[in-house]
Amino acid sequence: MFKKIFIANRGEIALRIIRACKELGIKTCIGYSVEDKNSIPVMLADEAICIGPAQSMQSYLNLFSLAQAIHNSGADAVHPGYGFLSENPTFVKICNDLDVTFIGPDEETIARLADKSKVKQILKQNNIPTIPGSDGAVKNLDELKSVANTIGYPILLKASWGGGGRGMRVVRSENELVNEFNAAQSEAKSSFGREDIYVEKFIEHPRHIEAQVIGDKFGNIVHVGERDCTLQRRHQKLLEESPSPYLDEQKRAEFLETAVRAASILKYWNAGTLEFLFDEEKNFYFIEINTRIQVEHPVSETVYDVDLIKEQIMVAYGYELSFKQEDLKPKCCAMECRINAEDPEKFIPSPGKIEFLFVPSGAHTRVDSHIYCGYNVSPYYDSMIAKLIISGKTREEVRTRMLNSLSEFKIEGIKTNINFFQKLLSSEDFINNTYDTNFIDRVFLNNHK
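So the sequence shown is residues 1 to 449, counted in full-length UniProt numbering.
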């Protein structure tokens, strides 16, 4: 097994990786920015190396600084967590050149699967359902108009590289096409360094459901159930749950079998997530694959009683998966709320010092977080400061427990979205499972413009 793992990340995911390494008897070294010097992961890792100033481009995204730190640490593996360089093939190559194992897919796989339009083409050719649209990136405006006229408006413009909703535009008529195409290209270029745009038919009132998969180097690949991540704000996920309340058992089995087949076609291994959109008739369409661990992985861990981070580490070392598909049975329902340091009305970040903190606990409650009383929430990084995961026998039991835990979760000194979640979970649409991916933007954001 690995002797030491270098953690190229921060916050709660870094702490999550440290805990998994401790259980496996592996030493850890974390790379940290000056801003994170007093963070819990830095305190709890066996070693810590400063990799630069607060700004991510000079620290967590600084390939030269990270390479130097990895080399100096003497680590024989690197865990990238999520975000930052977790899906960067150049970083994987650097690890390989240092003779250090990257805990994730190999360089070729990450590079190949980063091009969403090409992945979609491959799966379409293998009878995996995909949304009607262009065959790869459109070359010019004339081709864009031709595709749009063929599939019909509304259409969705999407960046071929990257994610997070950047480079994404809904176009409802030809009059909007030129401006939105130029805007999508510009945003894609500034966010991902590539302006390639592909086109899909826009699905009205979709549900967004993803399948968690994990595979080893021997060709074994399994699913660890699905997660419903329909509740989003501006394409950013806020609440995830499993099993999805949108699926019956027959549709769930069909969906998960399709996801595993798609992962096999793509020759995928390590932890990954295949994302799909469902229309109002419950037809599902592949949209993308994420070649890393997800923020919401604790939902699947809770439902299936597995440790995905430990499994990632073991398959990266060369072990076969420790479980087979028939071993994985859902044991409960689970839900995750992403607690953000932000104004619950205006949804803008709220950095600052935490003056008081009380975290809910007890049976059926898991909190993944790196904050503490006196911790300074930085303006330089993502505003997520905790993940509250609740389990129960039924969705309603989980919803009730989540509301109770949210009422106990006390954070003073900064603003958080805890009150927002209390409103969301108490809404009739959530209770009755009658919402889509635009629900939060339509109901909550429109009320505060």
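C-beta atoms are modelled at their ideal positions from N, C-alpha and C, and glycine is treated no differently.
In terms of residue numbering, what span does the alpha helix (DSSP H) encompassing Ala20 cover?
Gly11 to Leu24
Taking only the alpha-carbon atoms, compute the straight-line gap between Ala316 and Thr101 and give it to the nearest angstrom.
7 Å
Taking the runs of the alpha helix (DSSP H) that are 4 residues or longer, which of them lie wholly in the stretch 88-149?
89-97, 107-114 and 116-125
Give the straight-line distance between the Cα atoms of Leu424 and Leu239, rounded to the nearest whole angstrom.
Leu424 and Leu239: Cα-Cα distance of roughly 10 Å.
Who are the Cβ neighbours of Leu406 in its own chain at under 6 Å, not counting the five residues just before and after it?
Ile418, Phe421 and Gln422
Determine the direct distance from the alpha carbon of Ile122 to that of Gly152, and round the result to whole angstroms.
The straight-line gap from Cα to Cα measures roughly 23 Å.
Would you say Leu63 and Ile18 are within 8 Å of each other, going by their C-beta atoms?
no
Which residue's Cα is closest to the Cα of Ile289: Asp307, Trp269 and Asp305?
Ranked by Cα distance from Ile289, the options Asp307, Trp269 and Asp305 are led by Trp269.
Close Cβ partners of Pro349 (< 6 Å) along its chain, the five nearest in sequence each way excluded
Glu342 and Ser383
Who are the Cβ neighbours of Arg399 in its own chain at under 6 Å, not counting the five residues just before and after it?
Leu425
List, from N- to C-terminal side, the beta strand (DSSP E) runs of 3 residues or more that fit wholly inside the stretch 206-254.
207-215, 221-233 and 236-242
In three-state DSSP terms, what is Ile414?
coil
So what's Leu274 in DSSP terms, helix, strand or just coil?
Secondary structure of Leu274 (DSSP, three-state): strand.
So Tyr435 packs on Leu277, CB below 8 Å; how close in whole Å?
About 14 Å separates the two Cβ atoms, so there is no contact after all.
Report all residues from its chain with a CB closer than 7 Å to the CB of Lys449; omit the five preceding and five following residues, and keep chain order.
Reliability fails at Lys449, whose pLDDT of 49 lies under 50, so the model's placement of it is uncertain and the value that follows must be treated cautiously. Excluding residues within five positions, none has a Cβ falling inside 7 Å.
What's the C-alpha gap between Gly318 and Val78?
Rounded to whole angstroms, Gly318 to Val78 spans 15 Å at the Cα level.
Met168 by DSSP, collapsed to three states: which one?
coil
Scan the stretch 255-320 and note each continuous alpha helix (DSSP H) run of 4 residues or more that stays entirely inside, going in chain order.
297-304 and 308-317
Residue nearest to residue 527 in terms of C-alpha spacing, selected from Tyr246, Thr302, Lys3 and Pro41
No answer is possible for residue 527: the residues shown for the chain start at 1 and end at 449.
Count the other CB atoms within 10 Å of the CB of Pro206; is the residue buried (16 or more) or exposed (fewer)?
buried
Secondary structure at Glu200, three-state DSSP: helix, strand or coil?
strand
Who are the Cβ neighbours of Val213 in its own chain at under 8 Å, not counting the five residues just before and after it?
Ile221, Val222, His223, Val224, Ala259, Val260, Ala263, Tyr268, Ala271, Gly272, Thr273 and Leu274
Roughly how many angstroms separate the alpha carbons of residue 524 and Ala69, rounded to a whole number?
Not covered by the structure: residue 524. The range shown for the chain is 1 to 449.
Kindly give me the distance between the Cβ atoms of Ile30 and Tyr82, rounded to whole angstroms, as I take these residues to be in contact under 8 Å.
Not confirmed; about 15 Å, so no contact.
Give the DSSP bridge partners of Leu388, in chain order.
Cys337 and Val367
Asp46 to Thr28 span [Cα, whole Å]:
5 Å
Compute the beta-carbon to beta-carbon distance between Ile197 and Ala183, rounded to the nearest angstrom, for a pair I have assumed lies under 8 Å.
The Cβ separation is near 10 Å, so there is no contact.
Cα-Cα separation between Ser322 and Ile131, rounded to whole angstroms:
35 Å
With DSSP as the reference, identify every bridge partner of Pro349, one or two as the case may be.
Glu342
If I follow the unbroken beta strand (DSSP E) through Glu47, where does it start and stop?
Glu47 to Gly52
Strictly by DSSP, which residues pair up with Asn376?
Lys353
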